[in-house]
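Encoded as structure tokens, the structure appears first; notes follow it.
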């Protein structure tokens with residue numbers, strides 16, 4: 387039956403997709419009990435105006451703050467984000483410069499009591515930021531050519547290196563003078579490329595590389611009727627949601643560029659099938675909508691950056707492009723149409739997972755490589771799951787299986803398993819010394835497993851008709867505290883404790899601190915966090 391679409395609030399049976407290696411269906415908590423009153427250490431919801439005021443105050447005091455925390459004379463702070471707790475404690479996130487140069491890996495969080503006293507500082511690096519000279523031995527042209535060579539090895543076509551900028555590289559080991567070069571182009575699957583390469587300014591040695599366009603692949607399916615926002619425009623109605631920061635959805639018409647905003651004469655959008663270009667547009671708009679609603683309702687965060695501004699969605703990218711990606715530079719989600727342009731990758735899972743990369747970029751900003759990359763990817767899995775659960779779709783009952791509906795393996799099996807990640811044949815159940823050398827989509831299994839254990843506990847159980855049996859690294863029994871608490875602990879750790887260099891050991895410390903702030907030092911929740919990390923061999 388073709389769904390009815392009402393004016394001002396659009397409804398349709400939408401075509402959705404699940405992206406391979408990126409998405410997580412929501413899991414339901416069991417044994418939930420009444421929630422206590424919000425603890426004093428819980429973050430408060432900040433309006434965009436209140437947040438802007440706190441950032442302005444922090445900016446005015448940044449020189450004094452730098453002196454308080456013992457930074458050197460050549461070091462300065464750049465305000466980036468702020469979180470405020472109910473007890474008045476503020477957690478202000480800063481970038482750092484040295485002699486005017488950005489310090490990569492120099493980010494830090496200053497935790498300040500209501501009285502104004504600095505309680506502690508969380509730093510991405512413990513090393514003293516200092517270099518003998520900021521005069522580079524290598525020229526920019528040779529560095530740019532080297533970066534383009536790196537991009538070529540990564541199968542980047544149309545590689546074009548932007549002018550390198552001098553930086554201080556402090557993310558690993560002793561800080562050194564370096565160049566950071568961004569190389570644009572196209573990845574081998576048609577995804578735009580923005581490869582960031584960091585090079586030692588004295589030796590030319592490559593210190594780091596990162597692909598900044600984070601993407602995922604998959605197929606589509608229907609997920610029922612949804613409501614979306616639209617507004618009266620110059621050509622009828624525009625697919626713009628002013629109630630969620632002005633989020634707008636654009637049609638790329640199987641090309642690239644900026645595209646055209648979706649418009650409609652009668653405010654009736656799509657037909658629930660991929661042959662109508664509007665269907666994918668509604669899917670994307672709905673995914674952005676439920677992601678916005680989740681972060682605002684559950685975590686008090688208004689928008690991806692917390693500033694009340696909506697992102698942009700772009701659909702029908704490329705020709706038979708089987709992918710979707712978040713790009714922080716345009717603050718936008720872009721979706722392909724899948725095989726034969728018949729399966730748009732526009733599901734809730736894709737939107738929530740990828741837009742959560744944007745939340746991570748604005749907060750903890752864990753580098754997308756090594757153990758920090760696994761934590762970055764797991765964060766999008768965790769919140770992609772949480773958003774889908776919060777959306778309460780009657781067509782997609784929550785579970786802890788990843789991509790179970792798309793049958794990407796062709797045998798009815800899920801793409802990944804949160805209760806025991808290794809069941810997919812590649813993901814890690816537990817931490818080991820080699821975890822940082824594993825692809826981030828598979829090292830993320832450690833944190834995904836932790837989150838399942840913290841939410842549901844170990845052992846065999848059935849939730850929503852799905853059977854699970856989650857083991858622990860040491861054979862211990864872990865009692866879950868419920869998904870609601872687990873996601874709040876992870877979000878607080880992300881926004882107040884994690885930094886660009888956070889690894890699994892630091893993630894354990896950060897989530898323990900977050901649980902302590904939320905539920906108290908001797909709480910069952912703190913003990914459960916410790917037990918869940920031990921259950922995945924992070925001690």
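Residue numbers (the numbering used here): 387 to 925. Every residue, glycine too, gets a C-beta built ideally from N, C-alpha and C.
Could you tell me which whole beta strand (DSSP E) segments of length 3 or greater appear in the segment 697-749? 698-703, 710-713 and 718-722
Where does residue 643 sit, in a helix, a strand or coil, going by DSSP? As a working mapping, residue 643 is identified with position 257 in the chain shown. Note: residue 643 maps to coil in three-state DSSP.
Determine the DSSP secondary structure at residue 411, reduced to helix, strand or coil. Locating residue 411 in the chain shown gives position 25, where the first residue counts as 1. The predicted model places residue 411 with a pLDDT of 25, which falls under 50 and marks its position as unreliable; any figure quoted below should be read in that light. In this structure, residue 411 counts as coil in the three-state DSSP scheme.
If residue 852 and residue 858 are in contact, beta carbons under 8 Å, what's the gap, nearest whole angstrom? Within the chain shown, residue 852 is the residue found at index 466, counting from 1. Within the chain shown, residue 858 is the residue found at index 472, counting from 1. Residue 852 to residue 858, Cβ: 20 Å. No contact.
Counting pairs of beta carbons, one from the segment 723-733 and one from the segment 650-667, are three or more of them closer than 8 Å? yes
In whole angstroms, what is the alpha-carbon distance linking residue 880 and residue 652? As a first step, residue 880 must be located in the chain shown, where it is residue number 494. As a first step, residue 652 must be located in the chain shown, where it is residue number 266. Near 43 Å, if we compare the C-alpha coordinates of residue 652 and residue 880.
Going by the CB atoms, is the gap between residue 862 and residue 906 shorter than 8 Å? Locating residue 906 in the chain shown gives position 520, counting from the first residue. Locating residue 862 in the chain shown gives position 476, counting from the first residue. Taking 8 Å as the Cβ cut-off, residue 906 and residue 862 do not qualify as a contacting pair.
Distance between residue 835 and residue 870 (C-alpha atoms, nearest Å): Taking the first residue of the chain shown as 1, we reach residue 870 at position 484. Taking the first residue of the chain shown as 1, we reach residue 835 at position 449. Answer to the nearest angstrom: the Cα atoms are 16 Å apart.
Rounded to the nearest angstrom, how far is the Cβ of residue 885 from that of residue 761, given a contact under 8 Å? Along the chain shown, read from residue 1 onward, the residue named residue 885 stands at position 499. Along the chain shown, read from residue 1 onward, the residue named residue 761 stands at position 375. 11 Å between Cβ atoms; not a contact.
I'd like to know if the segment 488-498 and the segment 508-519 are in contact, where contact means that at least 3 CB-CB pairs between them fall below 8 Å. yes
Three-state secondary structure (DSSP) of residue 555: If you number the chain shown from 1, residue 555 lands on position 169. Residue state, collapsed to three classes: strand.
Neighbourhood of residue 599 by C-beta distance below 7 Å, restricted to the same chain and skipping five residues each side: Taking the first residue of the chain shown as position 1, residue 599 is located at position 213. Closer than 7 Å at the Cβ level, and outside the excluded window around residue 599, lie 577, 578, 579, 580, 711 and 713.
Same chain, Cβ closer than 8 Å to residue 417, neighbours up to 5 away in sequence not counted: Along the chain shown, one-based indexing puts residue 417 at 31. With a pLDDT of 32 at residue 417, under the threshold of 50, the modelled position of that residue is not reliable, and the figure given next carries that caveat. Here the set comprises 866 and 868.
When you compare the CB positions of residue 548 and residue 529, do they come within less than 8 Å of one another, or not? For the purposes of this step, residue 548 is taken as residue 162 along the chain shown, with counting starting at 1. For the purposes of this step, residue 529 is taken as residue 143 along the chain shown, with counting starting at 1. No, these two residues do not count as a Cβ contact at 8 Å.
Compare the Cα-Cα distances from residue 452 to each of 437, 433, 481 and 467 and report the closest residue. Position 66 of the chain shown holds residue 452. When only C-alpha atoms are compared, the closest one is 481.
Below 8 Å, can you find three or more Cβ-Cβ pairs linking the segment 803-815 to the segment 829-845? yes
To the nearest angstrom, how far is the alpha carbon of residue 439 from that of residue 657? Locating residue 439 in the chain shown gives position 53, counting from the first residue. Locating residue 657 in the chain shown gives position 271, counting from the first residue. Approximately 45 Å between the Cα atoms of the pair.
Exposed or buried, what is residue 850 when buried is set at 16 or more other beta-carbons lying within 10 Å of its beta-carbon? Taking the chain shown and counting its residues from 1, the one referred to as residue 850 is at position 464. That one is exposed.
Bridge partners of residue 637, per DSSP? For this step, residue 637 is matched to residue 251 along the chain shown. Note: residue 637 sits in a beta bridge opposite 646 and 701.
In whole angstroms, what separates the C-alpha of residue 619 from that of residue 722? Here residue 619 corresponds to residue number 233 of the chain shown, with the count starting at 1. Here residue 722 corresponds to residue number 336 of the chain shown, with the count starting at 1. Taking the straight line joining both Cα atoms gives about 26 Å.
Under the assumption that residue 523 contacts residue 436 (Cβ atoms under 8 Å), give the Cβ distance between them as a whole number of angstroms. Reading the chain shown from its first residue, position 137 is the one you call residue 523. Reading the chain shown from its first residue, position 50 is the one you call residue 436. Not really, about 47 Å apart at Cβ, beyond 8 Å.
So who's on the other strand from residue 597, going by DSSP bridges? Residue mapping note: residue 597 aligns to position 211 of the chain shown, counting from 1. Residue 597 pairs with 581.
Residue 915 and residue 773 - do their beta-carbons sit closer together than 8 Å? Locating residue 773 in the chain shown gives position 387, counting from the first residue. Locating residue 915 in the chain shown gives position 529, counting from the first residue. For residue 773 and residue 915, no; Cβs fall outside 8 Å.
Please classify residue 505: does DSSP put it in a helix, a strand, or coil? Numbered from its first residue, the chain shown carries residue 505 at position 119. Correct three-state label for residue 505: strand.
Strand pairing of residue 917, partner residues [DSSP]: Locating residue 917 in the chain shown gives position 531, counting from the first residue. Paired residue(s): none; residue 917 is not in a bridge.
How many Å lie between residue 919 and residue 715 at the Cα? Within the chain shown, residue 919 is the residue found at index 533, counting from 1. Within the chain shown, residue 715 is the residue found at index 329, counting from 1. Approximately 34 Å between the Cα atoms of the pair.
Given this structure, state the Cα-to-Cα distance separating residue 924 from residue 766, to the nearest angstrom. Counting from 1 along the chain shown, the entry for residue 924 is found at position 538. Counting from 1 along the chain shown, the entry for residue 766 is found at position 380. Approximately 20 Å, taken between the alpha carbons.
Where does the unbroken beta strand (DSSP E) through residue 617 begin, and where does it stop? Numbered from its first residue, the chain shown carries residue 617 at position 231. First-last of the beta strand (DSSP E) with residue 617: 617-619.
If we ignore side chains and look at the alpha-carbon of each, how far apart do residue 873 and residue 464 end up? For this step, residue 873 is matched to residue 487 along the chain shown. For this step, residue 464 is matched to residue 78 along the chain shown. Those two C-alpha atoms are separated by around 29 Å.
Bridge partners of residue 488, per DSSP? Reading the chain shown from its first residue, position 102 is the one you call residue 488. DSSP, once it has assigned bridges, lists 483 as partnering residue 488.
Given a cut-off of 8 Å on the beta-carbon distance, is the pair residue 820 and residue 471 in contact? Here residue 820 refers to the residue found at position 434 of the chain shown. Here residue 471 refers to the residue found at position 85 of the chain shown. No, the Cβ-Cβ distance between residue 820 and residue 471 is not below 8 Å.
Residue 754 by DSSP, collapsed to three states: which one? As a first step, residue 754 is located in the chain shown; it is residue number 368 there, counting from the start. Coil.
Which runs of the beta strand (DSSP E) at least 3 residues long sit entirely within the segment 819-864? Give them in chain order. 845-849 and 852-856
With 16 other CB atoms within 10 Å as the buried threshold, where does residue 747 fall? On the chain shown, position 361 is the one that residue 747 refers to. Classification for residue 747: buried.
Residue from 736, 457, 800 and 704 with nearest C-alpha to residue 672: Residue mapping note: residue 672 aligns to position 286 of the chain shown, counting from 1. It is 736.
Could you compute how far the alpha carbon of residue 459 sits from the alpha carbon of residue 742? Position 73 of the chain shown holds residue 459. Position 356 of the chain shown holds residue 742. Distance between the alpha carbons of residue 459 and residue 742 is about 36 Å.
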